[in-house]
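Add 76 to a position in the sequence shown, counting from 1, and you land on the number used in the working numbering.
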Amino acid sequence: MHKLRSLSVAKVAKVFSRLSTRLKSTGGRPSAPLGSRILTNPDDIFKHNMWDHVQWTEEDKENARQKAQENSCVQIPLDDQDTKIQGTTRRRGDQQAEILLPSGSSMDSETRHHQHSGTTHHHRHAPNCQKVRQGASPEKNEDAMQTSTFPGQHASFRILEIGCGVGNSVFPIVNSIKDTDAFLFCCDFSPRAIQLVKDHPDYDESVCHAFVHDICEEMASFPFPPQSLDVILAVFVLSSIHPKRMQGVVKRLSTYLKHGGIFLFRDYGRYDFSQLRFKKGRCLSENFYTRGDGTCVYFFTKEEVHGLFSNAGLEEIQNLEDRRLQVNRGKKVAMHRVWMQSKYRKSYPPPPS
Ligand SMILES: C[S@@+](CC[C@H](N)C(=O)[O-])C[C@H]1O[C@@H](n2cnc3c(N)ncnc32)[C@H](O)[C@@H]1O
């Protein structure tokens with residue numbers, strides 16, 4: 077029989093680090109590995125498109141703080157926010173799918189119908205799987221694992237990507253877990269994004285299950301039992317939900333991790349260039365903004381990231397700010413980029429005394 081390679085958390089973390097060096101905002105691909113391009117001589121600044129591990133001067137910090145203060149001094153009134161965010165919740169997933177789509181693609185009429193009719197578009201039940209509800213006791217979880225059938229049930233290593241969009245991380249992972257004993261789940265609240273993932277030529281049901289799911293929806297169930305995941309991957313997704321909902325989302329998701337499983341997180345950091353260029357009138361609450369397309373974005377500090385994951389009972393493996401200088405050589409402009417890159421583990425319960 078063909079022997080399957082086994083996958084470890086460390087190997088997935090490695091794939092994640094490689095994926096994370098993708099430059100999402102520019103679509104560019106760094107030609108040098110992260111950390112290898114250090115700007116030592118300021119005269120060299122326009123020799124490359126990106127510099128790693130950039131130290132901020134006190135002046136840089138003060139400028140950033142002032143810009144953020146200026147663009148957030150007018151906040152969208154609370155009443156307006158509710159309408160805006162609720163409206164956004166209905167629309168934003170498909171808009172993000174549109175944004176991530178190759179240009180020229182358009183949304184299908186079914187999705188537009190959902191938007192215009194105001195129907196929520198998350199499917200509560202993923203097909204072909206027996207539902208296992210959240211919040212079950214550990215013993216019940218064990219039972220559920222033994223009695224239920226769910227995609228990937230025979231895999232010994234399971235990964236979930238939340239807010240997978242059109243699959244920028246999904247397909248590198250799918251291609252690296254073929255011939256292993258691993259299985260990938262990926263979800264997004266945009267049916268359009270999930271359809272695109274499923275239609276991709278590399279989509280392979282023997283190693284991957286894509287499904288529509290809103291991570292903010294407390295009662296929505298997942299197509300796998302609690303404590304069944306080795307890795308949860310969140311790439312630029314937690315920043316798009318309301319800060320008040322983040323803690324609940326991380327806590328809920330963490331119940332699906334096995335002991336020893338890890339949560340991999342990559343997202344926007346405080347005072348990233350994309351925060352500082354917001355115009356006045358776009359701020360919803362401190363460090364949380366709405367873009368022109370109706371999507372929202374939050375900018376994290378290290379301390380906030382630590383609070384989110386440790387309050388969910390996870391322990392820090394890594395929590396760093398990836399600070400780079402992105403250079404537009406044509407326009408001779410340099411932009412400070414700040415991304416958070418963190419890994420948190422669900423520890424094992426203490427042995428019974
Ligand atoms: C900025 S995109 C990132 C997509 C992908 N992770 C990547 O790195 O290319 C954010 C994604 O999160 C999804 N998303 C936002 N809020 C969500 C929610 N509450 N539940 C599930 N997905 C959500 C959006 O539909 C969108 O596809």
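Positions of the beta carbon are idealized from the N, C-alpha and C atoms, including for glycine.
{"Asked": "Check whether the Cβ of residue 286 lies closer than 7 angstroms to any heavy atom of ligand 1, and answer yes or no.", "Found": "no"}
{"Asked": "Give the secondary structure of residue 218 by DSSP, where H, G and I count as helix, E and B as strand, and everything else as coil.", "Found": "Here residue 218 scores only 47 on pLDDT, less than 50, and its place in the model is too uncertain to base an answer on."}
{"Asked": "Whose C-beta lies closer than 7 angstroms to the C-beta of residue 124 among residues of the same chain, with five residues either side of it excluded?", "Found": "113 and 403"}
{"Asked": "Just to confirm the assignment: which complete alpha helix (DSSP H) runs, minimum length 4, are found wholly within the segment 104–144?", "Found": "none"}
{"Asked": "Counting only the same chain and skipping the five closest in sequence on each side, list residues whose C-beta sits under 8 angstroms from that of residue 424.", "Found": "335 and 336"}
{"Asked": "Quick one: what's residue 410 bridged to in DSSP?", "Found": "403"}
{"Asked": "For residue 360 versus residue 144, is the C-beta distance shorter than 8 angstroms?", "Found": "no"}
{"Asked": "Is residue 146 helix, strand or coil when you go by DSSP?", "Found": "helix"}
{"Asked": "Mind listing, in chain order, the continuous beta strand (DSSP E) runs of no fewer than 3 residues lying wholly within the segment 320–379?", "Found": "333–344, 359–361, 364–366 and 372–374"}
{"Asked": "For the beta strand (DSSP E) that contains residue 259, what are its first and last residues?", "Found": "258–264"}
{"Asked": "Please report the straight-line C-alpha distance between residue 291 and residue 85, rounded to a whole angstrom.", "Found": "23 angstroms"}
{"Asked": "Excluding five sequence neighbours on each side, which residues of the same chain lie with their C-beta closer than 6 angstroms to the C-beta of residue 411?", "Found": "349 and 402"}
{"Asked": "Looking only at its chain, what residues have a beta carbon closer than 6 angstroms to the beta carbon of residue 393, apart from the 5 residues adjacent to it on each side?", "Found": "419 and 421"}
{"Asked": "Starting from residue 238, follow the beta strand (DSSP E) in both directions and report where the run begins and ends.", "Found": "233–238"}
{"Asked": "Count the other CB atoms, across all protein chains shown, that sit within 10 Å of the CB of residue 413; report buried if there are 16 or more and exposed otherwise.", "Found": "buried"}
{"Asked": "Just grab the DSSP bridge partners of residue 381 for me.", "Found": "Looking at the DSSP assignment, residue 381 forms no beta bridge with any residue, so it has no partner."}
{"Asked": "Select from 83, 264 and 252 the residue whose C-alpha is nearest the C-alpha of residue 317.", "Found": "264"}
{"Asked": "Drop a sphere of 10 angstroms on the beta-carbon of residue 193, count the other beta-carbons inside from all chains shown, and report buried for 16 or more, exposed for fewer.", "Found": "Only weak support exists for where residue 193 lies, its pLDDT of 31 falling under 50; the coordinates are left without a value."}
{"Asked": "For residue 367, which residues of its own chain have a beta-carbon under 8 angstroms away from its beta-carbon, when the five flanking residues on both sides are left out?", "Found": "358 and 373"}
{"Asked": "Under the rule that 16 or more other beta-carbon atoms within 10 Å means buried, what is residue 426, buried or exposed?", "Found": "exposed"}
{"Asked": "Per DSSP, what kind of secondary structure is residue 151 in: helix, strand or coil?", "Found": "strand"}
{"Asked": "Can you tell me which of the three DSSP states residue 418 falls into?", "Found": "strand"}
{"Asked": "With DSSP as the reference, label residue 283 as helix, strand or coil.", "Found": "coil"}
{"Asked": "Applying the 10 Å Cβ sphere with the 16-neighbour rule, what's the burial state of residue 148?", "Found": "buried"}
{"Asked": "Who are the near neighbours of residue 211 in its chain, counting only those whose CB is closer than 7 angstroms to its CB and skipping five residues on each side?", "Found": "With a pLDDT of only 40 at residue 211, under 50, the local geometry of the prediction cannot be trusted, and the value read off the model is given with reservation. So no residue of the chain qualifies."}
{"Asked": "By how many angstroms is the C-alpha of residue 365 removed from the C-alpha of residue 151?", "Found": "9 angstroms"}
{"Asked": "Secondary structure at residue 395, three-state DSSP: helix, strand or coil?", "Found": "strand"}
{"Asked": "Between the C-alpha atoms of residue 294 and residue 408, what's the straight-line distance to the nearest angstrom?", "Found": "47 angstroms"}
{"Asked": "Of all the options 323, 241, 258 and 248, which has the alpha carbon lying nearest to the alpha carbon of residue 272?", "Found": "241"}
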